[in-house]
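Going line by line, the protein sequences match chains A and B. Quick note on UniProt numbering: the first sequence kicks off at 1 and runs consecutively. Quick note on UniProt numbering: the second sequence kicks off at 1 and runs consecutively.
Number of protein chains: 2
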Amino acid sequence: MVKSAPPADDRNVLPEERQQRILARLRSEGRVVAVELAEVFEVSEDSIRRDLRELAARGLCKRVYGGALLPAVTLTPLKQRRTEHPLRKQALARQAVGLVKPGQTLLIDAGTTNAAIAAALPAGSGLSVITNAPHIAQLLLDREGFEVLLIGGRISASIGGAVGTQAVEQVRRLRADLCFPGACAIDAARGLWGFDSEESLFKRAMIEASDETVVVATDDKLGAVATYQVAELARVQHLVVEHSADRATRAAFSVHGVLVHRADAVPG
Amino acid sequence: MVKSAPPADDRNVLPEERQQRILARLRSEGRVVAVELAEVFEVSEDSIRRDLRELAARGLCKRVYGGALLPAVTLTPLKQRRTEHPLRKQALARQAVGLVKPGQTLLIDAGTTNAAIAAALPAGSGLSVITNAPHIAQLLLDREGFEVLLIGGRISASIGGAVGTQAVEQVRRLRADLCFPGACAIDAARGLWGFDSEESLFKRAMIEASDETVVVATDDKLGAVATYQVAELARVQHLVVEHSADRATRAAFSVHGVLVHRADAVPG
DNA sequence: CATAAACGTGCACAAACGTGCAAATCGGCA
DNA sequence: TGCCGATTTGCACGTTTGTGCACGTTTATG
Chain A
1 MVKSAPPADD
11 RNVLPEERQQ
21 RILARLRSEG
31 RVVAVELAEV
41 FEVSEDSIRR
51 DLRELAARGL
61 CKRVYGGALL
71 PAVTLTPLKQ
81 RRTEHPLRKQ
91 ALARQAVGLV
101 KPGQTLLIDA
111 GTTNAAIAAA
121 LPAGSGLSVI
131 TNAPHIAQLL
141 LDREGFEVLL
151 IGGRISASIG
161 GAVGTQAVEQ
171 VRRLRADLCF
181 PGACAIDAAR
191 GLWGFDSEES
201 LFKRAMIEAS
211 DETVVVATDD
221 KLGAVATYQV
231 AELARVQHLV
241 VEHSADRATR
251 AAFSVHGVLV
261 HRADAVPG
Chain B
1 MVKSAPPADD
11 RNVLPEERQQ
21 RILARLRSEG
31 RVVAVELAEV
41 FEVSEDSIRR
51 DLRELAARGL
61 CKRVYGGALL
71 PAVTLTPLKQ
81 RRTEHPLRKQ
91 ALARQAVGLV
101 KPGQTLLIDA
111 GTTNAAIAAA
121 LPAGSGLSVI
131 TNAPHIAQLL
141 LDREGFEVLL
151 IGGRISASIG
161 GAVGTQAVEQ
171 VRRLRADLCF
181 PGACAIDAAR
191 GLWGFDSEES
201 LFKRAMIEAS
211 DETVVVATDD
221 KLGAVATYQV
231 AELARVQHLV
241 VEHSADRATR
251 AAFSVHGVLV
261 HRADAVPG
């Protein structure tokens with residue numbers, strides 16, 4: 001028996017590990033209470049509060065009296081997120097657009113990175129774009145020269161697009177050449193993951209409706225794992241990463257048969 | 001066993017969480033009663049009143065004797081009056097928004113006038129908005145405080161929204177309190193008309209899915225007739241016209257049982 | 001006008017909080 | 001092995017926040 005046993009229990013875990021587990025609890029239950037966490041992890045409330053402070057500082061939770069809740073950022077400023085890393089996303093988008101051939105039908109998920117891709121698509125190349133995000137649809141309508149098909153359904157404000165059953169049903173009746181599911185987390189061994197249950201189901205439907213899948217991921221998504229699995233890595237043909245992406249990480253995906261495309265460096 | 005109880009219950013919740021749930025109840029039921037809340041959350045009425053006071057201070061509810069209601073549907077706040085949009089459409093929109101009651105479900109067609117209406121809607125009044133226009137959906141998502149349902153389908157660039165068979169099918173499965181079909185032309189004797197075949201079919205479906213219909217028309221639409229009929233005038237309950245609309249024209253609609261609402265004069 | 005319910009305010013108390021500090025643990029490095 | 005710095009942790013301190021109660025006032029209703 002290994003003496004440094006895998007932490008099946010919640011007692012005696014490393015500080016960082018504890019924070020991850022707190023985050024997992026928060027994501028699954030929607031809230032955490034400081035006193036309860038102190039009891040579960042067998043540490044003082046002070047340590048729990050320190051953890052919550054750090055998580056809140058990274059924007060991963062919202063501190064409230066008595067514990068923490070899911071950040072309001074999850075359900076608020078989508079408008080803000082659009083202007084987060086413009087240059088990095090543009091560099092990624094330019095690389096991703098290189099995979100698109102004239103006349104193809106694309107399935108584009110909601111998300112800021114995907115909006116950058118839509119903005120970088122060449123107009124007048126006979127492209128058909130199917131999307132569940134009103135923002136992306138509007139962007140393409142304004143640019144003209146695209147055939148746009150909108151996926152309807154109830155819209156999640158935090159996601160910025162339709163992801164419910166109705167949306168999945170519509171995608172099932174479609175067929176695309178290429179799809180761009182927004183990545184929440186992608187790992188060479190464990191595949192593609194999402195933070196939300198319905199969102200992940202929708203991404204899976206997208207992938208199943210497309211011949212090829214392109215995952216475009218900023219650095220923070222690489223090697224991360226979220227709560228809900230979207231697909232095995234075998235379903236992903238292309239991965240577009242930033243210039244700054246670790247060489248070893250890129251190799252890890254390559255050996256699984258994924259074509260890794262590296263974006264140009266950004267001046268910043 | 002259930003020592004660290006998940007928030008399935010309404011008892012033993014964090015203060016801030018409780019406020020969120022009160023707000024959720026308010027949005028779904030349109031009103032909350034202080035005594036009932038005190039019982040449900042197992043706190044004193046004093047705490048409930050404090051919660052309601054804070055929510056009211058943030059403009060999220062309206063305090064009344066015995067509890068709270070959704071904030072009144074007020075006209076557009078000053079800041080929106082300063083946008084660069086045409087003043088005439090804003091005046092129309094402000095008048096149209098006066099017909100909306102808290103908690104209602106609205107069906108809003110594509111079009112610039114309707115976009116002005118969406119921009120003038122009060123946030124946080126528990127309104128559900130169904131629209132076929134990505135632009136309007138995006139606008140409401142950015143403003144927050146709305147439930148948004150998107151009608152999908154192939155998008156016509158000239159119309160700015162989905163109007164095909166698929167869109168009509170989705171509308172048929174819905175039910176709304178109020179609908180705002182964009183008017184191409186409206187005539188007291190011949191009813192509501194549109195320029196495009198599919199667009200007109202979609203507008204008709206909207207009207208059939210709604211309890212009441214509000215037509216908002218700029219002066220140039222009044223007394224005009226287009227190619228495709230959308231509906232008889234009997235299906236239209238409200239007509240919002242500009243301040244400058246002819247008195248005789250307004251009377252012509254009134255005698256057909258249509259409630260005519262005249263917008264305020266614009267300074268221009 | 002009478003009455004009960006709902007309300008606001010001030011107050012006391014406990015729980016939760018932040019901060020500073022000392023003890024404990026761990027990983028390098030001579 | 002022994003020392004040093006960094007990190008983590010628990011404790012003590014004073015402070016803030018939420019809560020319920022008592023009291024007097026306002027509001028709705030018959």
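In this text, a Cβ means the ideal position worked out from N, Cα and C, and glycines have one as well.
Under 7 Å Cβ-Cβ, which residues of chain B neighbour A:Q170? Residues of chain B with a Cβ closer than 7 Å to the Cβ of A:Q170 are, in chain order, G152.
Beta strand (DSSP E) segments (min. 3 residues) lying fully within the segment 213 to 241 of chain B: 228 to 231 and 238 to 241, all fully within the segment 213 to 241 of chain B.
Is it a yes or a no for the segment 222 to 237 of chain B touching the segment 174 to 194 of chain B, going by three-plus beta-carbon pairs under 8 Å? Touching, yes, given that three or more Cβ pairs across the two stretches are closer than 8 Å.
For A:I136, which of B:G160, B:A263 and B:I108 has the nearest alpha-carbon? Among B:G160, B:A263 and B:I108, the Cα nearest to that of A:I136 belongs to B:G160.
Which same chain residues end up closer than 6 Å to A:G153 when comparing Cβ atoms and leaving out the 5 residues on each side of it in sequence? Only A162, G164, Q166 and A167 meet the Cβ criterion.
Nearest neighbour of A:A209, chosen from A:Q20, A:A176 and A:E147 [CA to CA]: That would be A:A176, whose Cα lies nearest to the Cα of A:A209.
Is there at least one Cβ from chain B nearer than 7 Å to A:V129's Cβ? No, no contact with chain B.
Using a Cβ-Cβ cut-off of 7 Å, state whether B:E84 counts as contacting chain A. Any reading at B:E84 needs caution, since the residue's pLDDT is 45, under 50, leaving its predicted position unreliable; the model's value is listed next. No, its Cβ sits nowhere closer than 7 Å to a Cβ of chain A.
Taking B:A24 as the query, report the chain A residues whose CB atoms sit under 7 Å from its CB, ordered along the chain. In chain order: nothing, as chain A lies at least about 12 Å away.
Under 7 Å from the C-beta of A:V13: neighbouring residues of chain B: Within chain B, no residue has its beta carbon less than 7 Å from that of A:V13; the closest one is some 16 Å off.
Three-state class that DSSP yields for B:V97 in the structure shown: The answer is helix: DSSP assigns B:V97 an H, G or I state.
Using a beta-carbon distance below 7 Å, is A:H256 in contact with chain B? For A:H256, the nearest beta carbon of chain B is not closer than 7 Å to its own beta carbon.
State buried or exposed for A:F146, treating a residue as buried only when at least 16 other CB atoms are found within 10 Å of its CB. With 16 or more neighbouring CB atoms inside 10 Å of its own CB, A:F146 falls in the buried class.
Taking Cβ to Cβ, would you say B:T113 is nearer than 7 Å to B:V216? Yes, the Cβ-Cβ distance between B:T113 and B:V216 is below 7 Å.
If you drop the 5 nearest sequence neighbours on each side, which residues of the same chain put their C-beta closer than 7 Å to that of A:G67? Counting only Cβ-Cβ distances below 7 Å, and skipping sequence neighbours, we find R31, V32, V33 and A34.
Who are the near neighbours of A:L107 in its chain, counting only those whose CB is closer than 6 Å to its CB and skipping five residues on each side? Shown here for A:L107: same chain residues with a beta carbon closer than 6 Å to its own, the five before and five after excluded, namely I130, A176, C179, M206 and S210 in chain order.
Under 7 Å, Cβ to Cβ, is there at least one residue of chain B near A:Y65? Chain B contact via Cβ: present.
Counting only beta-carbon separations shorter than 7 Å, does A:H135 have a partner in chain B? Contact with chain B is found for A:H135, since one of that chain's Cβ atoms lies less than 7 Å from the residue's Cβ.
Per DSSP, what kind of secondary structure is A:R21 in: helix, strand or coil? Helix at A:R21.
Between B:E84 and the rest of its own chain, which residues show a CB-CB distance below 6 Å, the 5 nearest in sequence each way excluded? Its pLDDT being 45, under 50, B:E84 is placed unreliably in this model, and the value from its coordinates should be taken loosely. Around B:E84: no qualifying Cβ.
Please list the partners that A:E144 has in chain B, where partner means a Cβ-to-Cβ separation under 7 Å. Taking a Cβ-Cβ cut-off of 7 Å, the neighbours of A:E144 in chain B comprise A157, given in sequence order.
What number of angstroms, rounded off, separates the C-alpha of B:G126 from the C-alpha of B:G182? Cα to Cα, B:G126 sits roughly 23 Å from B:G182.
State the Cα-Cα distance for the pair B:L23 and A:R63, rounded to the nearest angstrom. Straight-line Cα distance between these residues: approximately 19 Å.
State yes or no: is the beta carbon of A:L55 nearer than 7 Å to at least one beta carbon in chain B? For A:L55, the answer is no, since every Cβ of chain B falls outside 7 Å of its Cβ.
To which residues does DSSP link B:C179 through a beta bridge? Paired residues: B:L107 and B:T213.
Excluding five sequence neighbours on each side, which residues of the same chain lie with their C-beta closer than 7 Å to the C-beta of A:V40? The answer, listed in chain order, is D10.
What residue from B:E54, B:S254, B:L121 and B:A265 has the CA that sits closest to B:S244's CA? Considering only alpha carbons, the answer is B:A265.
By the DSSP assignment, the alpha helix (DSSP H) with B:H135 in it spans what residues? Taken as a continuous stretch (DSSP letters only), the alpha helix (DSSP H) holding B:H135 covers P134 to R143.
For a cutoff of 7 Å on Cβ pairs, would you count A:L106 as touching chain B? A:L106 is outside the set of residues whose beta carbon lies under 7 Å from a beta carbon in chain B.
In the DSSP assignment, find the unbroken beta strand (DSSP E) run with B:D187 in it and report its ends. Its beta strand (DSSP E) spans residues A185 to D187.
Of all the options A:V240, A:D219 and A:G124, which has the alpha carbon lying nearest to the alpha carbon of A:R94? Considering only alpha carbons, the answer is A:V240.
What do you reckon, are the CB atoms on residue 273 of chain A and A:C184 nearer than 7 Å? Chain A is shown from 1 up to 268; residue 273 of chain A falls before or after that span and cannot be answered.
What is the DSSP secondary structure of A:L70, counted as helix, strand or coil? The answer is coil: DSSP assigns A:L70 none of H, G, I, E or B.
Residues that B:S128 bridges to, as DSSP identifies them: B:S128 is bridged by DSSP to B:T105 and B:E147.
Is the Cβ-Cβ distance between A:L92 and A:A226 less than 7 Å? No.
How far does the alpha helix (DSSP H) with A:V171 in it extend, from its first residue to its last? Where A:V171 is concerned, the enclosing alpha helix (DSSP H) starts and stops at T165 to R172.
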